[in-house]
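Each residue of the sequence shown is one higher than the last, beginning at -1 in this note's numbering.
What follows is a short report on a single structure.
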Amino acid sequence: MTDSAVPRVSRSGTQLAFVKAQLDEFLFGLAVIVGFVGLMEPRHLWGRYSILESALAVLVLSLVAWRYSPRRPRVPLLLPLGGLLLLMAASALWSYASWETVRDVTTYAILALGAWVIVRSARLQTVVLAIVVAGALVLGASTALLLVSPADALFYETSGFQGIYGNRNTLAFVMTLALPAALTVRVSGWLGAIAKFAAATAFLIAIGFTLSKSSWIVAAVVVLSWIGLGLLRRRRAAGILFFGVLALGAALAMANFSRVLLLLGKSDTINGRTGIWTGVLDAIAQRPIVGFGWSRSWPAGSPHSERVSQELAAGHVVFHAHNELLNWLVTLGVLGAVLVLVLYVFAVCAGIRIWWGNQQAVFLWLPITAVAVIARGFSDISETNAQGWFVFMLVLASCAKYLPVDSRIARSRVLLSGRSESAEPGAVPRP
């Protein structure tokens, strides 16, 4: 072998490693897209597949990519999440429909594992970009359906844009989950900036045309949080003033809540939600510690479902509490609700801590998405929804991975088990 052949072999090996790394990232991104799109069933595919099958597809794709990935850093386990999953599984012992609980907990545990596998080896940019692509696919399919069959793409009661789903709130939820990714994805060049702006604008327009007022508020919270954190980073005084004005505006809105509802075209019962919440609170009082048992939706005939149905004037059957915290309280009691609140605080605080110590805009996706999930939960379910759960798991796993090991949160033995090998003290790995 001549000396000139050595660099040639080395270059070939480097190119092969690069192609393999790109293929790994593609597979990880594909797993995210499959999860984001497949976990929210389009109306025309109802009954064609199950959420469990979608979760298994996500896990298989992520494991295949992970098997051949050269990057396998240690990522700490989030102890409150483990406790929540164990409590969800244990609730099958007292659940009204134990089989549904076992099935749904298995599905959500698989999604949590799949998210952890993806985040362990994939770059955050890959995850965020995949969510933007998935959101664009959903919006593209919904727009195509609107052009071909407007009656199928519009909600029959309000003519709100529902796209490929059976409910306008569903499309709005998908778009609000995709919006933070579009706002924070890293791009290069003016073409990338135009594409980023176009994606974020398209998602906002879609949310607007759903005519879902609660989703308008969530989208506003996401955009205002994105602007406020950006201001806080560049000019701390301006950021503090911005959030102060927002807090004052929120206080005024709460003080004049009935006028705000009138402005939004909502009744004093918030379209029947107050009746649901009254029934849920009565049910919670019956089983305050461990609840009635967790499942993705309330089983028909379950005690808490029946109690809420009795509270409603027309005796309507509902399948969730239309409020995420109340939903956790009625299914897993105070124990479950406390664990979920800990996860909320961790996602927001750890996300801000990670982003604050770095110049990469993509890290802002962590706290902004956490805010979107939490804000959505005030009037509907968010992480109890399979798609919302998957995205929230991606956020939690990413926070555990990228949190600097010398931060106060990372040193907590109550929150995290083990230390991340992905970062030196005071630094985080490449996103």
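Heads up, the beta-carbon is just placed ideally off N, CA and C, and yes, glycines get one too.
Nearest candidate by alpha-carbon position, reference A335, set S307, V346, G375 and A63:
Along the sequence shown, one-based indexing puts residue 335 at 337. Of S307, V346, G375 and A63, the residue nearest in Cα terms is G375.
Can you name the residues that DSSP bridges to L152?
Along the sequence shown, one-based indexing puts residue 152 at 154. Note: L152 sits in a beta bridge opposite F159.
Identify, in the order they occur along the chain, each residue of the same chain with its Cβ nearer than 6 angstroms to the Cβ of A251, setting aside the five sequence neighbours on each side.
On the sequence shown, residue 251 is found 253 positions in, with the first residue counted as 1. The answer, listed in chain order, is V258.
G161 and A176: beta carbons closer than 8 angstroms?
In the sequence shown, counting from the first residue as 1, residue 161 sits at position 163. In the sequence shown, counting from the first residue as 1, residue 176 sits at position 178. No; because the gap between Cβ atoms is not below 8 angstroms, this pair is not in contact.
Beta-carbon contacts of D432 that lie in its chain and below 6 angstroms, excluding the five residues immediately before and after
The displayed coordinates of the chain run from -1 to 429. Any statement about residue 432 would go beyond what the structure contains.
Give me the Cα-Cα distance between G237 and A359, rounded to the nearest whole angstrom.
For this step, residue 237 is matched to residue 239 along the sequence shown. For this step, residue 359 is matched to residue 361 along the sequence shown. So the alpha carbons of these two residues sit roughly 17 angstroms apart.
Sorted by chain position, which residues of the same chain lie with C-beta nearer than 6 angstroms to W479's C-beta, five sequence neighbours on each side aside?
Here the chain has residues from -1 to 429 only, and residue 479 is not among them.
Classify S52 as buried or exposed, calling it buried when 16 or more other Cβ atoms lie within 10 Å of its own Cβ.
Against the sequence shown, residue 52 aligns to sequence position 54. Under this definition S52 is a buried residue.
Measuring straight from C-alpha to C-alpha, what distance separates T104 and L59?
The residue you call residue 104 lines up with position 106 of the sequence shown. The residue you call residue 59 lines up with position 61 of the sequence shown. Near 18 angstroms, if we compare the C-alpha coordinates of L59 and T104.
Buried or exposed by the 16-neighbour rule on C-beta atoms within 10 Å, applied to D22
Here residue 22 refers to the residue found at position 24 of the sequence shown. Buried, by the Cβ-count rule.
Could you tell me if D404 is buried or exposed, where buried requires 16 or more neighbouring beta carbons within 10 angstroms of its beta carbon?
In the sequence shown, counting from the first residue as 1, residue 404 sits at position 406. Classification of D404: exposed, given that the 10 Å Cβ count is below 16.
Could you have a look at L37 and say whether DSSP puts it in helix, strand or coil?
Indexing the sequence shown from 1 puts residue 37 at position 39. The answer is coil: DSSP assigns L37 none of H, G, I, E or B.
Residue closest to S210, alpha-carbon to alpha-carbon, out of S157, A200 and E98
The residue labelled residue 210 in the question sits at position 212 within the sequence shown. When only C-alpha atoms are compared, the closest one is S157.
Same chain, Cβ closer than 7 angstroms to A200, neighbours up to 5 away in sequence not counted
Looking up residue 200 in the sequence shown gives position 202. These residues qualify, in order along the chain: L137.
Going by the CB atoms, is the gap between G331 and E309 shorter than 8 angstroms?
For this step, residue 309 is matched to residue 311 along the sequence shown. For this step, residue 331 is matched to residue 333 along the sequence shown. Contact: no.
When the Cα atoms are used, what is the spatial distance from E39 to Y163?
To locate residue 39, count along the sequence shown from 1; it is residue 41. To locate residue 163, count along the sequence shown from 1; it is residue 165. Cα to Cα, E39 sits roughly 7 angstroms from Y163.
Using 8 angstroms as the threshold, is the stretch 367 to 385 in touch with the stretch 338 to 353, meaning 3 or more CB pairs across them?
yes
Do the CB positions of D378 and S212 come within less than 8 angstroms of each other?
Within the sequence shown, the letter at position 380 stands for residue 378. Within the sequence shown, the letter at position 214 stands for residue 212. It is a contact, given that the beta carbons lie within the stated cut-off.
Same chain, Cβ closer than 7 angstroms to T367, five either side skipped, listed in chain order:
Here residue 367 is taken as the residue at index 369 of the sequence shown, counted from 1. P178, V389 and V393, listed in sequence order.
Distance check for R406 and F153, CA to CA, integer angstroms please.
Translated into positions along the sequence shown, residue 153 becomes position 155. Translated into positions along the sequence shown, residue 406 becomes position 408. So the alpha carbons of these two residues sit roughly 48 angstroms apart.
Could you have a look at L75 and say whether DSSP puts it in helix, strand or coil?
Taking the first residue of the sequence shown as position 1, residue 75 is located at position 77. Correct three-state label for L75: strand.
If you reduce the DSSP assignment to three classes, tell me which class S223 lands in.
Counting from 1 along the sequence shown, the entry for residue 223 is found at position 225. Three-state DSSP puts S223 in a helix.
Helix, strand or coil for S415 per DSSP?
Stepping through the sequence shown from its first residue, residue 415 is reached at position 417. Looking at S415 - three-state DSSP - the assignment turns out to be strand.
Report the residue from R65, V73 and L43 whose alpha carbon sits nearest the alpha carbon of L413.
The residue labelled residue 413 in the question sits at position 415 within the sequence shown. Comparing Cα-Cα distances from L413 to each of R65, V73 and L43, the minimum goes to V73.
Could you tell me the distance, in whole angstroms, from the CA atom of A319 to the CA atom of A197?
Working through the sequence shown from its first residue, we reach residue 319 at position 321. Working through the sequence shown from its first residue, we reach residue 197 at position 199. Cα-Cα distance, rounded: 32 angstroms.
Going straight from the alpha carbon of A3 to that of R118, what length do you get?
By 1-based counting over the sequence shown, the position of residue 3 is 5. By 1-based counting over the sequence shown, the position of residue 118 is 120. The predicted position of A3 is uncertain, since its pLDDT is 48 and thus under 50; no value can be drawn from it.
Going by other Cβ atoms of all chains shown within 10 Å of its Cβ, with 16 needed for buried, is I129 buried or exposed?
Translated into the one-based positions of the sequence shown, residue 129 becomes position 131. Buried is the call here.
Compare the beta carbon distance of I282 and V328 with 8 angstroms and say whether it is the shorter of the two.
Locating residue 282 in the sequence shown gives position 284, counting from the first residue. Locating residue 328 in the sequence shown gives position 330, counting from the first residue. Contact: yes.
Rounded separation between F317 and R305 - CA only:
Position 319 of the sequence shown, counted from the first residue, corresponds to residue 317. Position 307 of the sequence shown, counted from the first residue, corresponds to residue 305. Using only the alpha carbons, I get a separation of about 12 angstroms.
Taking 8 angstroms as the threshold (C-beta atoms), are A120 and F26 in contact?
On the sequence shown, residue 26 is found 28 positions in, with the first residue counted as 1. On the sequence shown, residue 120 is found 122 positions in, with the first residue counted as 1. The answer is yes: Cβ separation under 8 angstroms.
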